[in-house]
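Trainee: Can you read through this structure? Questions will come right after.
In our numbering, the protein residues as written are 63 to 395.
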């Protein structure tokens with residue numbers, strides 16, 4: 063139960079990313095049913111949640127705190143598409159470093175950025191969040207952002223873990239329609255769309271977020287070819303893979319089955335952490351009893367969540383990024 067709890071990423075409602083808000087978050091933290099939170103900021107608020115986990119859960123495992131920090135945290139830089147027009151990767155890296163300094167001073171460990179999706183259809187509503195249409199420029203910027211966020215030592219108080227998104231091909235939805243099907247040849251995929259993700263991973267990104275779109279008829283969040291064969295086996299990625307906001311439960315709308323079925327599909331595909339759907343929390347234990355998933359898979363996913371916390375130094379000091387003095391000094395400086 064506690065291993066499955068580590069795979070559960072929830073929001074108490076401070077985020078503006080999605081319409082679903084998690085219920086009874088404090089109670090679930092006490093029971094060891096939450097691995098991380100997003101949508102809350104500020105050293106005091108974050109500390110309150112961390113204290114529940116560290117003092118009141120059986121194993122005292124600290125929580126991971128994330129947020130969509132896309133182009134600056136409180137100090138706002140141009141949108142990523144605007145940043146990319148500069149071709150100044152050193153300055154872009156510096157903007158990510160400033161964002162990391164502020165975000166970590168605000169109690170955060172993890173940023174859902176960089177968004178590295180190549181976009182070639184101007185009708186797509188999220189073009190603004192990426193670096194445009196060029197794989198070379200996109201790759202250079204992806205690597206610069208990761209290095210800016212993470213610095214050279216993730217345990218430092220002013221470092222945050224980057225999360226490369228949206229894996230993969232999210233910007234290639236047919237007709238620019240959000241969440242739509244993506245259908246492309248391997249040649250186009252490897253030549254134009256995959257290089258920025260690969261560059262971010264080669265730069266040491268600690269985590270990757272799965273996308274909403276379908277690839278070869280299977281949604282990315284439950285796509286084993288994508289999350290295991292390509293990401294882990296070909297590219298040797300060893301970090302944490304998290305779903306997008308309810309992208310696990312939304313596989314049901316793609317015709318992939320009920321919540322239990324899609325949660326097992328995601329676990330078998332290689333998804334470690336379930337953002338907001340709570341499909342893992344509600345169904346994985348039953349799927350384990352039925353032989354739909356294995357104990358080894360659950361252990362491996364749990365290990366990756368715990369390793370992310372370990373890399374960020376949270377086991378040695380769960381409160382290392384919750385410093386009021388730093389917040390006052392660094393934010394909007």
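From the three backbone atoms N, C-alpha and C, an ideal C-beta is built for every residue, glycine too.
Does the Cβ-Cβ distance between residue 244 and residue 277 come in under 8 Å?
Mentor: Cβ atoms of residue 244 and residue 277: closer than 8 Å.
Trainee: With a floor of 3 residues, list each beta strand (DSSP E) that falls wholly inside the segment 74-137, ordered by position along the chain.
Mentor: Listed in chain order, they are 98-100, 126-129.
Trainee: With 16 other CB atoms within 10 Å as the buried threshold, where does residue 132 fall?
Mentor: It is buried - the Cβ of residue 132 has at least 16 other Cβ atoms within 10 Å.
Trainee: Between which two residues does the beta strand (DSSP E) holding residue 207 run?
Mentor: Residue 207 -> not in any beta strand (DSSP E); alpha helix (DSSP H) instead, spanning 197-212.
Trainee: Nearest-angstrom Cα distance between residue 215 and residue 370?
Mentor: Approximately 13 Å, taken between the alpha carbons.
Trainee: Sorted by chain position, which residues of the same chain lie with C-beta nearer than 6 Å to residue 183's C-beta, five sequence neighbours on each side aside?
Mentor: The residues are 238.
Trainee: At which residue ranges does the segment 289-348 contain complete beta strand (DSSP E) runs of 3 or more residues, listed in the order of the chain?
Mentor: Counting whole runs of 3 or more residues, the segment 289-348 contains the beta strand (DSSP E) stretches 302-304.
Trainee: For residue 157, does the count of other Cβ atoms within 10 angstroms reach 16, so buried, or fall short, so exposed?
Mentor: With 16 or more Cβ atoms within 10 Å of its Cβ, residue 157 is classed as buried.
Trainee: For residue 388, I'd like the list of residues in its chain whose CB is within less than 6 Å of its CB, leaving aside the five on either flank, ordered along the chain.
Mentor: Within the same chain, residue 388 has close Cβ partners 167.
Trainee: Under the rule that 16 or more other beta-carbon atoms within 10 Å means buried, what is residue 377, buried or exposed?
Mentor: Its Cβ having fewer than 16 others within 10 Å, residue 377 is exposed.
Trainee: Tell me residue 56's beta-bridge partners as DSSP assigns them.
Mentor: The structure shown has nothing for residue 56, since the chain only spans 63 to 395.
Trainee: With a Cβ-Cβ cutoff of 8 Å, do residue 332 and residue 290 count as a contact?
Mentor: Against a cut-off of 8 Å, the Cβ pair of residue 290 and residue 332 comes out as a contact.
Trainee: Whether or not the segment 97-109 and the segment 379-394 are in contact is what I'm after, with contact meaning three or more pairs of Cβ atoms, one per stretch, closer than 8 Å; do they touch?
Mentor: Verdict: yes, contact present.
Trainee: Quick check on DSSP: helix, strand or coil for residue 384?
Mentor: Three-state DSSP puts residue 384 in coil, outside helix and strand.
Trainee: How do the segment 138-145 and the segment 353-368 stand: do at least 3 beta-carbon pairs fall below 8 Å, yes or no?
Mentor: Flag = no, the segment 138-145 and the segment 353-368 do not touch.
Trainee: So, are the CB atoms of residue 224 and residue 175 less than 8 Å apart?
Mentor: Yes, the Cβ-Cβ distance between residue 224 and residue 175 is below 8 Å.
Trainee: Would you kindly work out how many angstroms separate the C-alpha atoms of residue 86 and residue 192, rounded to a whole number?
Mentor: Cα to Cα, residue 86 sits roughly 35 Å from residue 192.
Trainee: So, for residue 63: in the same chain, excluding its five sequence neighbours on each side, which residues have a beta-carbon less than 6 Å away from its beta-carbon?
Mentor: Answer for residue 63: no residue qualifies.
Trainee: Apply the 10 Å Cβ neighbour rule to residue 172 and answer buried if 16 or more other Cβ atoms are within range, or exposed otherwise.
Mentor: Buried, because 16 or more other Cβ atoms sit within 10 Å of the Cβ of residue 172.
Trainee: If you follow the beta strand (DSSP E) that residue 71 is in, where does it begin and where does it stop?
Mentor: It spans 70-72 - the beta strand (DSSP E) in which residue 71 sits, taken as one unbroken run.
Trainee: What residue range is occupied by the uninterrupted alpha helix (DSSP H) comprising residue 253?
Mentor: Element bounds for residue 253: n/a, residue is neither H nor E.
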